[in-house]
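There are 2 protein chains.
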Amino acid sequence: MDPSTTTGGIRSAADLGRVIRERRKRDGLTLVETAGLTNVGVRFLSELENGKPTVRLDKLLRVLGALGLELRAGDRDGR
Amino acid sequence: MDPSTTTGGIRSAADLGRVIRERRKRDGLTLVETAGLTNVGVRFLSELENGKPTVRLDKLLRVLGALGLELRAGDRDGR
DNA sequence: TGCTTATTTTACCGATCGGGAAAAAATTAG
DNA sequence: CTAATTTTTTCCCGATCGGTAAAATAAGCA
Numbered sequence: 002m003d004p005s006t007t008t009g010g011i012r013s014a015a016d017l018g019r020v021i022r023e024r025r026k027r028d029g030l031t032l033v034e035t036a037g038l039t040n041v042g043v044r045f046l047s048e049l050e051n052g053k054p055t056v057r058l059d060k061l062l063r064v065l066g067a068l069g070l071e072l073r074a075g076d077r078d079g080r
Numbered sequence: 002m003d004p005s006t007t008t009g010g011i012r013s014a015a016d017l018g019r020v021i022r023e024r025r026k027r028d029g030l031t032l033v034e035t036a037g038l039t040n041v042g043v044r045f046l047s048e049l050e051n052g053k054p055t056v057r058l059d060k061l062l063r064v065l066g067a068l069g070l071e072l073r074a075g076d077r078d079g080r
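Sequence lines, in order, name chains V and A. Just so you know, we're using our numbering here: the first sequence kicks off at 2 and counts up by one. Just so you know, we're using our numbering here: the second sequence kicks off at 2 and counts up by one.
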């Protein structure tokens, strides 16, 4: 199961941070590089990946986009 | 296709707002009610549903949770 | 193993903005 | 036209985030 890059449900900032970091690593990118191509600070990116709960949506979306990720919303029970 | 409550990809705050409002309406809830059970202000909720890009993640997640929604991240191409 | 280098985390400062409460204004429903 | 719902102000404290530098970790290599 779970063949593609689908993640388990994201219910917390920590979950999200995990997903992002995992993807970034998979792409062999450093924080500095990623920050550069997303127009966010390195510090922000680090905090984001570490599950800071109060990050702003726009910044978050920018990072996801740059990493080729996209969000989806659905019932908690899943697929 | 798309049998469950799966949404198209969420790439902007506007997309997200749309999903949230749709779901809230489907549940027959008012902003005041929803704000109450999510511990966020009515103003925030209104702005969120109208696509304010700078909302904070924690508040956002709280609302999604209260509405029985969950986020998922995957490749832009989808499933 | 120990050392060097690459990467990440954290501390500061300052400008900017988020969002709660409450009420008025505006839009929608009945 | 009246009641209900949503949007928008106002006041305002507290926190975010960028840039930068230093500290702490992780990686890489002989």
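Each residue gets a CB set at the ideal place from its N, CA and C atoms; glycine is no exception. The structure presented is a predicted model; accordingly, all values stated were derived computationally and were not measured.
Is there contact here, the segment 49-56 of chain A with the segment 43-53 of chain V, by at least three beta-carbon pairs under 8 angstroms?
-> Two segments are said to touch when three or more pairs of C-beta atoms, one from each, lie closer than 8 angstroms; by this definition the segment 49-56 of chain A does not touch the segment 43-53 of chain V.
In DSSP terms, what A/D16 is bridged to = Bridge pairing for A/D16: absent [DSSP].
Would DSSP call A/D59 helix, strand or coil?
-> A/D59: helix per DSSP, three-state reduction.
Quick one: which chain A residues come within Cβ less than 7 angstroms of V/D59?
-> Within 7 angstroms Cβ-Cβ: A14, P54 and T55.
Residues of its chain near A/L46, where Cβ-Cβ distance is below 8 angstroms and the 5 sequence neighbours each way are ignored = Correct list, in chain order: L32, T35, A36, T39 and V64.
In whole angstroms, what separates the C-alpha of A/R11 from that of A/I21?
-> It should be pointed out that residue 11 of chain A corresponds to Ile in this sequence rather than to Arg. Each residue's alpha carbon lies about 11 angstroms from the other.
In chain order, what residues of the same chain lie with their CB nearer than 8 angstroms to the CB of V/E48, ignoring the 5 residues before and after it?
-> V56.
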